[in-house]
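Visitor: For the sequence shown, this note's numbering assigns the number 758 to the initial residue and increments by one for each residue that follows.
Each residue gets a CB set at the ideal place from its N, CA and C atoms; glycine is no exception.
Every value quoted in this text rests on a predicted model; they were computed, and no experiment measured them.
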Amino acid sequence: MKKPPDPESVEPVRGFPREEAPDDPLGARVGEMAVARGLVTREAVEECLAEQRRDVQGRNPHLLLGQILLRRGLITVSQLMEIVKEQQGCRRSAVGPLPEGETDIAIAPKAAPKENRTIGRYRILREIARGGMGVVYEAEDPDLKRRVALKMLRHMDGGTEQDVIRLRREATLAARLSHPGIIDIYEIGTVPREEDESPLHYIAMQFVEGVTFAQAMQRLSVPDRLRILEAVADAVGTAHRQGVVHRDLKPGNILIASDGHPVVTDFGLAREARGRSQHTMSGEILGTPQYMSPEQVNGEVDRVGVRSDVWALGVILYEALTNRAPFQGGSVAEIYVTILGQNPEPPTRMARGVPPELETICLKALEKDPERRYPGAAEFAADLRRFREGRPILARRPTVRYRTAKWLRRHRSLVGALAALVVLVVLTWSGTRLAARESTFRKARAEAESAAKAGDWPRGVVKAEQALEIRWDRDLAGLRDLCRRRIAEADARAAQESRARALEDRLRSAQERIRDVEEAFYAQNIDIRERLNAGEATVKDLESLAADPVHAGSARLWYLLGLASHHVGLWDQAESALSKAKELDPSDEQTLLSFARLCLDRGFQAMVNTPGEDPRAAVDRARQWSTRAIEALTRPGKEWEGAAAVYREIARVTLLLYDDPHGEGGRLLMELHNRGQVRGIEYCCLLMPLFKKASTPGMFNCSLMHRPNFTWGFFFRGRAWEARGDREKAIADFGKAIACNPRFFEAWFHRGIGRYLNNDCDGAISDFEEVIRLKPRLAVAHYYRGRVWHKKKEVDRAFADYQTAFDLGPVVHSFYSARGHAYSDKGDFARAVADFEQALRMAPRDWKHRTEVETALREAKEKLPASK
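As structure tokens, then:
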């Protein structure tokens, strides 16, 4: 016999290969051999062949003769196995044809992708996996600057219609699942092939840096294997609760990330848990042989459900405990037969030191009857967790009655021969047996009641079930159900506490990383960009936690997400997260202080008053933000101290920037400044020169002394250099402000203007493009980029940007002036005259460019006859 194929080298079988016709000589050979052995009559075989012929005509070529004989009870599994062994070397077996010259399924050779090939917007880096339907590449998403796993149909024709349906179903089902242990789906798409324009279908999904569980298992200890399998079962349980059955669980479809946590992938065979799949025919076999449940092997589509995934988890647990598969054979056909007809050897016989509890869990998951398995992966995970935590498991070994019934079903003929003897024996000892059973019942019931009173719920369940196996008792059944409910409640509390501990660990780590980012703003000679990159990663980590409904009620999670988002310049997201944290815990001082600091920064942003904005609207916005900061730090009966008191007073001072007839703001600032080195004092130093209305660059050095990486300190000092006409120093300070907050579009905007005036047109274009990326609907950014294009003599590009600025609005006089100059350069003097006249009508009387535009208008009018 050939060496059994390795579980991970066997290609997933998408269905038994079909026979050419029901009367094919090799296909009919199964029936002929059964007749020759005297197992069935020729008439019975003819009826089975007729049934097979009807299925072929009904577009179901997958129900084979061996299966029909089994289902009708005409032969047993062991008899079918003997026939299969006799057919070794044939290219067909009772359950379908095998490839010529071997008894396992061959894997197609890998084909290397073209170097630097692109699929859609993704750039292929390398091939990382290949399966029966698809091939997976590591690729790069240049738009989002991240690596992805790109799965495509591997067939040269783009895949059959069924393949495409399964690929899309995989993406659709996996995308609706939200769990850290389930692969994230980013996109599903179709692009034309380079060779023939035929459609190429793909899925872009999360790229997990690591190895498969199959690759890692041998070097992991058994406790580590169990920890991983428990996490996998939790993830699969989440999929079950959201209505998805995986149907192809195996170590090769479990990725172990670099941080050690498992991720379930490859939902290519997944289906919805409720209802029959529209894409799987009755009798079609889907899955990987060693991990398929009996109902999958039989092609019983309607019975394949969450308990089929439990079976696969049981197979993986068996391998984790014994380092071997529970069901083996020299061919795929033999594996199917052993799955259907043989029980696995108990793990305690296959490996030393296997705890009996784990064997019980494993064998319960591997029950042939789905109803006797765990109801779902969550319950399987819960029993593993109970074992890990030293608590009693709920699984119980099969009773003697059940094992006897199974033996009787497999040996009907022997049962008939012994029936008379059994009846005789039963009559002789039945009286004694009944008395003993009643005594056992009363003892078990008493122990169940005692255990329930003591709160020992698992023992209560065990003893109650022992008694109920003897005879039914309504009260005792109610007691058993009560114990089960108490166990479920305790498990729910334990699971919640476990999740809370795991969340707390991740939040503690995130808080430390956020603290590092914040400290960098106050540190000298530090690479602020490196710290901000770490902050960006922390934001993504917290976003993934917040997306899980299980964590949605954690105020601390939302607080940290808001704090981290504020530090990296995601101010809209920070406001949303901090508002959520305030809603969940209105009295948390750290959340209120962080919200006030965010409002203060939003107020300073409103003060900047980007060109083209109504100054009165900007002032109103700044006042609103300052008022919200004050409200956050004002509560009856609470005297705020330290940084919170400083930020509250600073918010009050900012209100006086616009209306301070008695000089109250200056006095308050001096009082704040005299408090010494307190967090927040840098804002005090920032406001002092702003109150003087005529600030010099040096006045902002105080704020930068207290906070060396202070966005506002660099920005306002740059504005002061700008006012003095020292563009080089202004450009340098705007660049430092950008380093502290790369999303601060006002700094990009003013540096772009400085570079434009310094004739650094390429640098100016780059800056304005970043402004447009951050604020795509900012008309003045398109206007200034058009000015730069105009200066570079690229008039068509300038017109395109001017038109966008007009479309976005609000339109100001300078838009008309700039476009008028562009029309003049193109020789369209009539339009130039119209734009110049409109600019002069809209502009204030003291517009500094009025004389220049009047001169341009006069020259354009003089050229009008020539243009006609």
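For the putative contact between Leu1318 and Ala1304, defined by C-beta atoms under 8 Å, what is the C-beta separation to the nearest angstrom?
Guide: The pair is not a contact, with the Cβ atoms about 11 Å apart (cut-off 8 Å).
Visitor: So, are the CB atoms of Ile922 and Gly967 less than 7 Å apart?
Guide: In this structure, Gly967 does not lie closer than 7 Å to Ile922 by Cβ.
Visitor: Report buried or exposed for Thr1079, applying the criterion of at least 16 other Cβ atoms within 10 angstroms of its Cβ.
Guide: The residue is buried, with at least 16 neighbouring Cβ atoms inside 10 Å.
Visitor: For the candidate residues Asp1585, Val1569 and Arg1392, whose alpha-carbon lies nearest to that of Met1599?
Guide: Of Asp1585, Val1569 and Arg1392, the residue nearest in Cα terms is Val1569.
Visitor: From what residue to what residue does the alpha helix (DSSP H) around Arg1588 run?
Guide: Here the alpha helix (DSSP H) through Arg1588 covers Phe1586 to Met1599.
Visitor: Where do the ends of the beta strand (DSSP E) carrying Ala1309 lie?
Guide: Careful: Ala1309 lies outside any beta strand (DSSP E) and carries neither H nor E.
Visitor: Let me check one thing: in DSSP terms, what residues is Asp1023 bridge-paired to?
Guide: In DSSP, Asp1023 forms no bridge with anything.
Visitor: With distances taken from CA atoms, which of Arg1258, Leu1443 and His1463 is nearest Pro1454?
Guide: If we check each option's Cα against that of Pro1454, Leu1443 comes out closest.
Visitor: With Glu1226 as the anchor, note down where its alpha helix (DSSP H) starts and where it stops.
Guide: Looking at the DSSP string, the run of the alpha helix (DSSP H) that includes Glu1226 is Trp1214 to Ile1227.
Visitor: Determine which residues share a DSSP beta bridge with Arg904 and list them.
Guide: Glu897.
Visitor: Please say whether Ala988 and Pro1019 have beta carbons closer to each other than 7 Å?
Guide: A contact, by the Cβ cut-off of 7 Å.
Visitor: How about the segment 1052-1072 and the segment 929-947: do they share at least three Cβ pairs that are nearer than 8 Å?
Guide: Segments in contact, no.
Visitor: Nearest CA to the CA of Asp1377: which residue from Gly1360, Pro956, Ala1555 and Val1067?
Guide: Nearest of Gly1360, Pro956, Ala1555 and Val1067 to Asp1377, Cα basis: Gly1360.
Visitor: Look up Gln720 in the DSSP assignment and say whether it is helix, strand or coil.
Guide: Lying outside 758 to 1625, the shown extent of the chain, residue 720 is not represented and no answer is given.
Visitor: Inspect the beta-carbon positions of Ser1574 and Val1610 and report whether they are closer than 7 Å.
Guide: Result yes, Cβ atoms of Ser1574 and Val1610 sit closer than 7 Å.
Visitor: How big is the Cα-Cα spacing for Phe1556 and Val892?
Guide: If you take the alpha carbons of Phe1556 and Val892, they lie about 47 Å apart.
Visitor: Thinking C-alpha only, which one of Ala1389, Val1545 and Asp1329 is nearest Leu1531?
Guide: Cα-wise, what sits closest to Leu1531 is Asp1329.
Visitor: Can you give the beta carbon distance from Leu1151 to Arg1202, rounded, assuming they're within the 8 Å contact cut?
Guide: The Cβ separation is near 20 Å, so there is no contact.
Visitor: Report buried or exposed for Thr1612, applying the criterion of at least 16 other Cβ atoms within 10 angstroms of its Cβ.
Guide: The residue in question, Thr1612, is exposed, as its Cβ has fewer than 16 Cβ neighbours within 10 Å.
Visitor: Classify Gly1629 as buried or exposed, calling it buried when 16 or more other Cβ atoms lie within 10 Å of its own Cβ.
Guide: Residue 1629 lies beyond the range of the chain shown here (758 to 1625); nothing can be said about it.
Visitor: For my contact list, Ala1205 and Ala1192 are in at a C-beta cut-off of 8 Å; report their separation, rounded to the angstrom.
Guide: Between Ala1192 and Ala1205 the Cβ distance is about 21 Å, and since that is not below 8 Å, they are no contact.
Visitor: Just verifying my parser: in three-state terms, what is the DSSP assignment at Gln1268?
Guide: In this structure, Gln1268 counts as helix in the three-state DSSP scheme.
Visitor: Can you grab the Cα-Cα spacing for the pair Glu1616 / Lys1297, in whole Å?
Guide: Computed Cα separation, rounded: 58 Å.
Visitor: Unbroken alpha helix (DSSP H) runs of length 4 or more, entirely within the segment 1477-1557: which are they?
Guide: You should have 1484-1497, 1502-1514, 1518-1531 and 1536-1548.
Visitor: For Glu1649, which of helix, strand or coil comes out of DSSP?
Guide: Since the first residue of the chain shown is 758 and the last is 1625, residue 1649 is not available in this structure.
Visitor: What do you reckon, are the CB atoms on Ala1363 and Ala1375 nearer than 7 Å?
Guide: Yes.
Visitor: In chain order, what residues of the same chain lie with their CB nearer than 8 Å to the CB of Val1552, ignoring the 5 residues before and after it?
Guide: These residues qualify, in order along the chain: Trp1546, Ala1579, Asp1582 and Lys1583.
Visitor: Can you give the Cα-Cα distance for Arg998 and Ala1138, rounded to whole angstroms?
Guide: When rounded, the distance between both Cα atoms is 14 Å.
Visitor: If Arg1534 sits next to Leu1565, beta carbons under 8 Å apart, how far is it from one beta carbon to the other, in whole angstroms?
Guide: Between Leu1565 and Arg1534 the Cβ distance is about 6 Å, and since that is below 8 Å, they are a contact.
Visitor: For Asn1466, which residues from the same chain have a beta carbon less than 6 Å from its beta carbon, with the 5 sequence-adjacent residues on both sides left out?
Guide: Here the set comprises Phe1278, Ile1285 and Cys1497.
Visitor: Within a Cβ cutoff of 7 Å, which residues of the same chain sit near Arg1512, ignoring the five residues on either side of it in sequence?
Guide: Closer than 7 Å at the Cβ level, and outside the excluded window around Arg1512, lie Ile1488, Gly1520, Ala1521 and Asp1524.
Visitor: Quick one: measure Cβ to Cβ for Glu1388 and Leu1355, integer angstroms, because I've assumed they're closer than 8 Å.
Guide: At roughly 13 Å, the Cβ-Cβ gap does not stay under 8 Å, so Glu1388 and Leu1355 are not in contact.
Visitor: Counting only the same chain and skipping the five closest in sequence on each side, list residues whose C-beta sits under 6 Å from that of Gly1577.
Guide: Excluding residues within five positions, the ones whose Cβ falls inside 6 Å are Ala1589, Asp1592 and Phe1593.
Visitor: I need the straight-line Cα distance from Glu1346 to Asp898, nearest angstrom please.
Guide: Rounded to whole angstroms, Glu1346 to Asp898 spans 41 Å at the Cα level.
Visitor: With burial defined as no fewer than 16 other Cβ atoms inside 10 Å of the residue's Cβ, what is the status of Ala869: buried or exposed?
Guide: For Ala869, the predicted structure reports a pLDDT of 42, less than 50, and the residue's modelled location is therefore unreliable. The matter cannot be settled from this model.
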